[in-house]
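**Q**
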DNA sequence: AAATCGGGGCA
DNA sequence: TGCCCAGATTT
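Numbering (the UniProt record's numbering), first residue to last: 1 to 354.
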């Protein structure tokens, strides 16, 4: 069974796999690493252009390590999971300072880098150095759980151990790079989450889930998602040509991205009610202001929360004293990274003063 | 062990 | 909507 699985997969890769990607067959560990960080929880099509941008801007790890943080975040803007960006830059600097600019070449050393866990370490170890480590990503969980009919939840500790053990057994000696590439391509192209192509699947003959009618229930996950609603009221404080922004630093979404003056409320709040909040006066340090415009509501759906945002443009006559905020001329906003809700708003130019 | 961290594509 | 995506880190 296991023998069949591995050889059938490799044969599928030789004969039917036409999936092409910029980093496929790449041997430079820096480029492989970059692609793997970008692709964490991200579809290949979504990450593709970002990979090209980063390789162009930072051809080597030395270039990336020397880059200013704000510039790197600007390039990452829109890709999500911004901790990846922060960790990536830290790892680049680790490679230069601790590893003398040479990418580490053992599974353990690779995993000691910021932002690299079991999956990414196995991917780099196998793709760059052909080391015998099996990757375990969403594709692999799905393919294995179906073919071998394993209903242990993949988001449990027991499940991770069980699948990791099986994946390691299936890894063919000396062919970890091509095998790891194959199983992930296979999961993405044939054994897809929805409507897998079982009719043309070369492994169907021995696929347990297919014969048992369990394709749609495998893999099993236990945890349920709880989605919170949040209401963001952004005050765009304008003094002459300057707008006031800050970097988000708290443990929350969008850490290290920038934003305008935020007043979060637990329910939709109109501007009259907003002005009566103590927080409103505090944020503006009792300055006199004039409300120039109020935007419509922008909605953004994240994995764990739904954000409703409105933007209130207000101008002040005197230079504001706002600790923690920086004044940025309107035409230089594009030097800073913002969350998508804000870039959408800025692009829309809904408020006439932009 | 459970909770978080984005944004986009698809049914 | 809900689910998933070349997962990792924090709580």
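Beta carbons: idealized from backbone N, C-alpha and C, even for Gly.
All values derive from a computational prediction rather than experimental measurement.
On the criterion of 16 or more Cβ atoms from any shown chain inside 10 Å, does residue 251 qualify as buried, or is it exposed?
**A** Translated into the one-based positions of the first chain, residue 251 becomes position 251. In summary, residue 251 is exposed, with fewer than 16 beta-carbon neighbours lying within 10 Å of its beta-carbon over all protein chains present.
**Q** Using the Cα positions of residue 323 and residue 295, report the straight-line distance between them to the nearest angstrom.
**A** Here residue 323 refers to the residue found at position 323 when the first chain is read from its first residue. Here residue 295 refers to the residue found at position 295 when the first chain is read from its first residue. Near 26 Å, if we compare the C-alpha coordinates of residue 295 and residue 323.
**Q** How is residue 2 classed by DSSP in three states: helix, strand or coil?
**A** Against the first chain, residue 2 aligns to sequence position 2. Of the three classes helix, strand and coil, the one that applies to residue 2 here is helix, per DSSP.
**Q** What does DSSP give as the partner residues of residue 329 in its beta bridges?
**A** Numbered from 1 along the first chain, position 329 holds the residue referred to as residue 329. Partner(s): 242.
**Q** Residues in its own chain within less than 8 Å of residue 50 by CB, not counting five upstream and five downstream?
**A** Translated into the one-based positions of the first chain, residue 50 becomes position 50. Contacts found: 38, 75, 76, 79.
**Q** Helix, strand or coil for residue 176 per DSSP?
**A** Counting from one through the first chain, the residue named residue 176 turns up at place 176. In the structure shown, the three-state DSSP call for residue 176 is helix.
**Q** Skipping 5 residues on each side, what residues in its chain have a beta carbon closer than 7 Å to that of residue 318?
**A** If you number the first chain from 1, residue 318 lands on position 318. Result list for residue 318: 287, in chain order.
**Q** What are the complete alpha helix (DSSP H) segments, minimum 4 residues, inside the segment 30-84?
**A** 44-57, 61-66, 69-76
**Q** Where does residue 315 sit, in a helix, a strand or coil, going by DSSP?
**A** Translated into positions along the first chain, residue 315 becomes position 315. Residue state, collapsed to three classes: strand.
**Q** Beta carbon of residue 259, beta carbon of residue 234: below 8 Å?
**A** Within the first chain, numbered from 1, the residue matching residue 259 stands at position 259. Within the first chain, numbered from 1, the residue matching residue 234 stands at position 234. Between residue 259 and residue 234, the CB-CB gap stays under 8 Å.
**Q** Which residues in the same chain have their Cβ closer than 7 Å to the Cβ of residue 290, if we skip the five residues on either side of it in sequence?
**A** Locating residue 290 in the first chain gives position 290, counting from the first residue. Taken in chain order, the residues that qualify are 314, 315.
**Q** Residue 321 by DSSP, collapsed to three states: which one?
**A** Counted from its first residue, the first chain places residue 321 at position 321. Residue 321: coil per DSSP, three-state reduction.
**Q** Out of 36, 85, 204, 47, point me to the one whose CA is closest to residue 65's CA.
**A** Looking up residue 65 in the first chain gives position 65. Among 36, 85, 204, 47, the Cα nearest to that of residue 65 belongs to 85.
**Q** Span of the alpha helix (DSSP H) holding residue 158?
**A** For this step, residue 158 is matched to residue 158 along the first chain. From DSSP, the alpha helix (DSSP H) with residue 158 extends over 157-170.
**Q** Please return the same chain residues whose Cβ sits closer than 7 Å to the Cβ of residue 143, not counting the five positions on each side in sequence.
**A** Looking up residue 143 in the first chain gives position 143. The residues are 183, 186, 187, 191.
**Q** Roughly how far, in whole angstroms, is the beta-carbon of residue 328 from the beta-carbon of residue 245, given that I think they are within contact range, below 8 Å?
**A** To locate residue 328, count along the first chain from 1; it is residue 328. To locate residue 245, count along the first chain from 1; it is residue 245. The Cβ separation is near 6 Å, so the contact holds.
**Q** Opposite residue 230 in the DSSP bridges: which residues?
**A** On the first chain, position 230 is the one that residue 230 refers to. BP columns for residue 230 point to 307.
**Q** Considering only DSSP beta bridges, list what residue 259 is partnered with.
**A** Sequence index remark: in the first chain, residue 259 carries index 259 (1-based). In the DSSP output, where bridge partners are listed per residue, residue 259 has 246.
**Q** Do you know how far the Cα of residue 94 is from the Cα of residue 67?
**A** If you number the first chain from 1, residue 67 lands on position 67. If you number the first chain from 1, residue 94 lands on position 94. If I take the Cα positions, the gap works out to 14 Å.
**Q** Roughly how many whole angstroms lie between the Cα atoms of residue 355 and residue 330?
**A** Residue numbering for the chain in the displayed model covers 1 to 354; residue 355 lies beyond these limits and cannot be assessed.
**Q** Answer with buried or exposed for residue 226, where buried requires no fewer than 16 other C-beta atoms within 10 angstroms of its C-beta.
**A** For this step, residue 226 is matched to residue 226 along the first chain. Per the 10 Å Cβ criterion, exposed.
**Q** Between the Cα of residue 27 and those of 112, 127, 150, 107, spot the shortest distance and give me the residue it belongs to.
**A** Locating residue 27 in the first chain gives position 27, where the first residue counts as 1. Among 112, 127, 150, 107, the Cα nearest to that of residue 27 is on 127.
**Q** Taking 8 Å as the cut-off, decide whether the C-beta atoms of residue 178 and residue 13 are in contact.
**A** Mapped onto the first chain, residue 178 falls at position 178. Mapped onto the first chain, residue 13 falls at position 13. Yes, the pair counts as a contact, with Cβ atoms nearer than the cut-off.
**Q** With DSSP run on the structure shown, which of helix, strand or coil describes residue 110?
**A** For the purposes of this step, residue 110 is identified with residue 110 of the first chain, where counting begins at 1. Helix.
**Q** Do the segment 154-170 and the segment 193-205 make contact, defined as three or more Cβ pairs closer than 8 Å?
**A** The segment 154-170, when compared against the segment 193-205, does not touch it at the 8 Å Cβ threshold.
**Q** Pick out whichever of 169, 309, 63 has its Cα sitting closest to the Cα of residue 135.
**A** As a first step, residue 135 must be located in the first chain, where it is residue number 135. When only C-alpha atoms are compared, the closest one is 169.
**Q** Should residue 32 be labelled buried (16 or more other beta-carbon atoms within 10 Å of its own) or exposed?
**A** Here residue 32 refers to the residue found at position 32 of the first chain. Residue 32 is buried by the Cβ-count criterion.
**Q** In angstroms, rounded to a whole number, what distance separates the CA positions of residue 164 and residue 300?
**A** Here the question's residue 164 lines up with position 164 in the first chain. Here the question's residue 300 lines up with position 300 in the first chain. Each residue's Cα considered, the two are about 35 Å apart.
**Q** What residue range is occupied by the uninterrupted beta strand (DSSP E) comprising residue 344?
**A** Against the first chain, residue 344 aligns to sequence position 344. Not the beta strand (DSSP E): residue 344 falls in the alpha helix (DSSP H), residues 340-348.
**Q** Do you know offhand how far residue 353's Cα is from residue 325's?
**A** Position 353 of the first chain, counted from the first residue, corresponds to residue 353. Position 325 of the first chain, counted from the first residue, corresponds to residue 325. The predicted model places residue 353 with a pLDDT of 49, which falls under 50 and marks its position as unreliable, so this point remains unresolved.
**Q** Over the uninterrupted beta strand (DSSP E) stretch that includes residue 300, give me the two end residues.
**A** Along the first chain, one-based indexing puts residue 300 at 300. Taken as a continuous stretch (DSSP letters only), the beta strand (DSSP E) holding residue 300 covers 298-301.
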